[in-house]
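>
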Amino acid sequence: MILIVYSWVVGGIQTFYLRLAKERSVKGKKTTIIYLGKNLDLNFLSEIEDYATVHCISDYFCNDIKFVPPILSTLFPRRKNKVINLLSEVSQVHTCSCIEYFVAKRLVANLKLNVRVTIGVYHINEYVWKGSRGVNPPFFEKCNQDYFYNRIDKNNIIVFNETVPNRLYDMTSKNLGNVNVFPVGIDIPIKTVSMKKKSDKTLKICSVGRLVEFKTYNYYMVEVVYNLRLNGINVIYDIYGEGPSMGAIQKCIDNFEQSENINLMGKIEYADFNTIVSKYDLFIGNGTSIIESSSLGIPSIIGIENAKNSQTYGFFSDIDGYAYNIDGLYKKSDTLIFIEKLLGMTNEEFKDLSKRHKSKAKEFSISKCSSNFDNLPEPKLNHEELSYFLYLSYLISFLSTNFLSKFGLYQDYTSKYES
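Count along the sequence shown starting at 1, add 115, and that's the number in this note's numbering.
#1: Residue ranges of each beta strand (DSSP E) run of no fewer than 3 residues wholly in the segment 274-339, ordered along the chain?
#2: I need the DSSP call for Met-116, collapsed to helix, strand or coil.
#3: Pull up the DSSP beta-bridge partners for Met-347, would you.
#4: Are Val-236 and Val-279 touching if we call contact CB-CB under 8 Å?
#5: So, Tyr-166 versus Ser-140, is the Cβ gap smaller than 8 Å?
#6: In this structure, does DSSP put Ser-448 in helix, strand or coil?
#7: Could you tell me which of Tyr-503, Leu-411, Asn-401, Phe-488 sits nearest to Tyr-395, measuring between CA atoms?
#8: What do you reckon, are the CB atoms on Pro-304 and Val-327 nearer than 8 Å?
#9: Can you tell me the Cα-Cα spacing of Gly-459 and Glu-138, whole angstroms?
#10: As an exercise, report each continuous beta strand (DSSP E) stretch of at least 3 residues that is fully enclosed by the segment 153-235, in chain order.
#11: Determine the extent of the alpha helix (DSSP H) in which Tyr-509 is found, giving its start and end residues.
#12: In or out: Asp-387 buried (at least 16 other Cβ within 10 Å) or exposed?
#13: Let me make sure I understand the geometry here. Which of Pro-253, Ile-417, Glu-407 has the alpha-carbon closest to that of Gly-400?
#14: Pairs of beta-carbons, one from the segment 250-258 and one from the segment 512-524, closer than 8 Å: are there three or more?
#15: So, with DSSP's three-state summary, where would you put Asn-251?
#16: What whole-angstrom Cβ distance do Ile-148 and Ile-163 have, given they're in contact under 8 Å?
#17: Which residues does DSSP list as the beta-bridge partners of Thr-147?
#18: Can you have a look at Arg-266 and say buried or exposed, based on whether 16 or more other CB atoms are within 10 angstroms of its CB?
#19: Closer than 8 Å by C-beta to Leu-160: which residues in its own chain qualify, once you throw out the five before and the five after it? Chain order, please.
#20: Could you check if Cys-213 belongs to the surroundings of the ligand FMN, using beta carbon to heavy atom distance under 7 Å?
#21: Taking the C-alpha atoms as reference points, what is the distance between Asn-154 and Glu-455?
#22: Output yes or no for whether 8 Å exceeds the beta carbon distance between Leu-379 and Phe-430.
#23: State the beta-bridge partners of Asn-378 as determined by DSSP.
#24: Taking the alpha-carbon positions, what's the Val-350 to Val-337 distance?
#25: From what residue to what residue does the alpha helix (DSSP H) around Leu-397 run?
#26: Between Pro-494 and Asn-271, which are expected to be in contact by the criterion C-beta below 8 Å, what is the C-beta distance as a whole number of angstroms?
#27: What distance in whole Å lies between the Cβ atoms of Val-120 and Glu-215, which are believed to be in contact at a cut-off of 8 Å?
#28: Helix or strand or just coil, what does DSSP make of Thr-403?
#29: How would you write the range of the alpha helix (DSSP H) that Ile-391 sits in, first residue to last?
#30: Run the CB neighbour count on Asp-435, radius 10 Å, all protein chains shown included, and call it buried at 16 or more, exposed below.
#31: Which of the three DSSP states, helix, strand or coil, is assigned to Gln-260?
#32: So what does DSSP say about Phe-371, is it helix, strand or coil?
#33: Which residue from Tyr-284, Val-392, Val-208, Ile-405 puts its Cα closest to that of Ile-301?
Okay, here's the thing in C-alpha cells:
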C-alpha cells in the first residue's frame, strides 16, 4: 500500500498514516509513504521509517535540478522502470486530498497495473470550497470538485463517518452514492491504567492538537476555566500543540487573566501522547486525539469544530456512530455542565465513565481500519493519462493560490476549513 501526503509533519492525517503503517507492519504488510513538499519533521520521519519506506515524489520523476520544489518535479517525465517497480507489489495508492489524488493519477497513468487510487474525505470542507467570496473558485478547485463528484469511481472514495454523504449533498446538491464508510483507526492500548477520581483538589484538563482557528474550544475553554474558578474550583488547563492560532489563544488567556491557570505547552512528540495525557482528569478536543484519550480511559468532552460558544455534545463515550466533530448532529449543552457533572461523580461513577470511554474507542481500532482498507469493493480501474496541459494548469493554479494567500489574496482559501 502507498500513502501519499503533501508534507510529513505531526498532524491528524500523518499520525493516522503512522498508525496504519505500524499495524500493517505487525501483519507483515509493506507500506510506502510518499510526500510531496519540503516540509519535514525529522524526528517524526525517523518514527515512521521503523514501519514504512519513505520517499519524496521527486524520486520517481526525471528531474535532477535540486532547487525545483518536489511537487514540480511531477511535470517531468516519470522514471518509468522505478515507478513500475514501486507499483508492481501494491494494490492501492491512498490519497488524503485532491492534490495528492492528481499526483497519484500522474504516477500510475497508462501502466496497465492492477492498482487502484483511493481518496479519503478527511475534512468535509476540502470538497465544498467556492472560492474567494464564493463566486470564483480557482481552476484547480474546479478540477477538484469535478473529479471528486463526477469522475472518481465511488468504490474508491472513503468517508470516515456516516454523516458525510448527506452533509456534502446538503452543501453541494451532489449525490456521492454508495461510497465506503468506516472510521479512522487508532491504537487501542493493550494495557491501560485503572482510572479513578483524583483525590487532590485541582482539576487537571488538557487538549492536544494543531492550534488552528476551527478548533474553537481552545478559545472558549479559557472562559470556562475562568467561570470554574469563579465558582471556587481549582483548575489547570494545559494546551499542547503549535500552529497559527497560538498568538490569538495567548491573547485570549491574557484578556481573562488566566495565565497562572492555562498554559500553552508547545508541541509534544506523538510517541509521548499516552504518557502525558494519562496524567490528566479530563480531555477536551476532537479529531483522532479524542479517540486516543478515550482509549486510555480519560473522560473526554467533545470540542465541536467552529463552535461559536462552549456548547458541546458532551462525553465522547455517549455519542452514537462515528460522527462527532461537526455541528448539528446531536443535542448540545454547555461544557461547564459536563465538567460539573464529572466533579460531582463518586469513584464508582468515574470508573464507569472511564470504562465507557475505553469501550467507545474500540469501535475505532486501527486493526479494523486496516482490514477495511484491504477489503474495499473492486472498482473499475481507469489509469487513463491526464492531459499534460490540464495537469500543468492545475499545478500552476494550486501553487499560485497558495502563494497569493500568504499576502491576503484568496484569504478564503487559508480559512476554508473554518466555516
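Beta carbons are placed, not taken as given, at the ideal position from N, Cα and C, and that holds for glycine.
Since the structure is predicted, the reported quantities are computational estimates derived from the model, not experimental observations.
Concretely, from the data shown:
#1: When DSSP assignments are scanned along the segment 274-339, the uninterrupted stretches of beta strand (DSSP E) that are 3 or more residues long and fall wholly within it turn out to be 317-323.
#2: Here residue 116 refers to the residue found at position 1 when the sequence shown is read from its first residue. Coil at Met-116, not helix or strand.
#3: Here the question's residue 347 lines up with position 232 in the sequence shown. It should be noted that the sequence gives Gly, not Met, for residue 347. BP columns for Gly-347 are empty, so no partner.
#4: Along the sequence shown, one-based indexing puts residue 236 at 121. Along the sequence shown, one-based indexing puts residue 279 at 164. Yes. Within cutoff.
#5: Here residue 166 refers to the residue found at position 51 when the sequence shown is read from its first residue. Here residue 140 refers to the residue found at position 25 when the sequence shown is read from its first residue. Cβ atoms of Tyr-166 and Ser-140: closer than 8 Å.
#6: Your numbering for residue 448 matches position 333 in the sequence shown. Residue state, collapsed to three classes: strand.
#7: Here the question's residue 395 lines up with position 280 in the sequence shown. With distances taken between Cα atoms, Tyr-395 lies closest to Leu-411.
#8: What you label residue 304 is simply residue 189 of the sequence shown in a count that begins at 1. What you label residue 327 is simply residue 212 of the sequence shown in a count that begins at 1. No; because the gap between Cβ atoms is not below 8 Å, this pair is not in contact.
#9: Stepping through the sequence shown from its first residue, residue 459 is reached at position 344. Stepping through the sequence shown from its first residue, residue 138 is reached at position 23. Those two C-alpha atoms are separated by around 39 Å.
#10: 168-171, 207-210
#11: Residue numbering aside, residue 509 sits at position 394 when the sequence shown is read from its first letter. 503-520 is the span of the alpha helix (DSSP H), which, as asked, contains Tyr-509.
#12: The residue given as residue 387 occupies position 272 in the sequence shown. The residue is exposed, with fewer than 16 neighbouring Cβ atoms inside 10 Å.
#13: Translated into the one-based positions of the sequence shown, residue 400 becomes position 285. Among Pro-253, Ile-417, Glu-407, the Cα nearest to that of Gly-400 is on Ile-417.
#14: yes
#15: As a position in the sequence shown, residue 251 is number 136, starting the count at 1. Strand, per DSSP.
#16: The residue labelled residue 148 in the question sits at position 33 within the sequence shown. The residue labelled residue 163 in the question sits at position 48 within the sequence shown. Yes, they are in contact, since the Cβ atoms of Ile-148 and Ile-163 sit about 6 Å apart, within 8 Å.
#17: On the sequence shown, position 32 is the one that residue 147 refers to. Ile-117, Thr-168.
#18: Here the question's residue 266 lines up with position 151 in the sequence shown. Looking at its Cβ environment, which holds fewer than 16 other Cβ atoms inside 10 Å, Arg-266 is exposed.
#19: The residue you call residue 160 lines up with position 45 of the sequence shown. In the same chain as Leu-160, and ignoring 5 residues on each side of it, the C-beta atoms closer than 8 Å to its own belong to Trp-123, Val-169, in chain order.
#20: The ligand content of the structure shown is nil, which means the ligand FMN is not present either.
#21: Here residue 154 refers to the residue found at position 39 of the sequence shown. Here residue 455 refers to the residue found at position 340 of the sequence shown. One C-alpha to the other measures close to 42 Å.
#22: As a first step, residue 379 must be located in the sequence shown, where it is residue number 264. As a first step, residue 430 must be located in the sequence shown, where it is residue number 315. It is not a contact, given that the beta carbons lie outside the stated cut-off.
#23: Taking the first residue of the sequence shown as 1, we reach residue 378 at position 263. The partner list for Asn-378 (beta bridge, DSSP) reads Asp-353.
#24: In the sequence shown, the residue the question calls residue 350 occupies position 235. In the sequence shown, the residue the question calls residue 337 occupies position 222. Looking at the two C-alpha atoms, the distance is approximately 11 Å.
#25: Counted from its first residue, the sequence shown places residue 397 at position 282. That residue, Leu-397, is in no alpha helix (DSSP H); its beta strand (DSSP E) goes 397-400.
#26: Looking up residue 494 in the sequence shown gives position 379. Looking up residue 271 in the sequence shown gives position 156. The Cβ separation is near 5 Å, so the contact holds.
#27: Here residue 215 refers to the residue found at position 100 when the sequence shown is read from its first residue. Here residue 120 refers to the residue found at position 5 when the sequence shown is read from its first residue. With 8 Å as the limit, Glu-215 and Val-120 qualify as a contact, their Cβ atoms being about 7 Å apart.
#28: Along the sequence shown, read from residue 1 onward, the residue named residue 403 stands at position 288. In this structure, Thr-403 counts as helix in the three-state DSSP scheme.
#29: Residue numbering aside, residue 391 sits at position 276 when the sequence shown is read from its first letter. 388-392 is the extent of the alpha helix (DSSP H) around Ile-391.
#30: By 1-based counting over the sequence shown, the position of residue 435 is 320. So Asp-435 counts as exposed.
#31: The residue you call residue 260 lines up with position 145 of the sequence shown. Helix at Gln-260.
#32: Residue 371 sits at position 256 when you count from the first residue of the sequence shown. Coil at Phe-371, not helix or strand.
#33: What you label residue 301 is simply residue 186 of the sequence shown in a count that begins at 1. Closest by alpha carbon: Ile-405.
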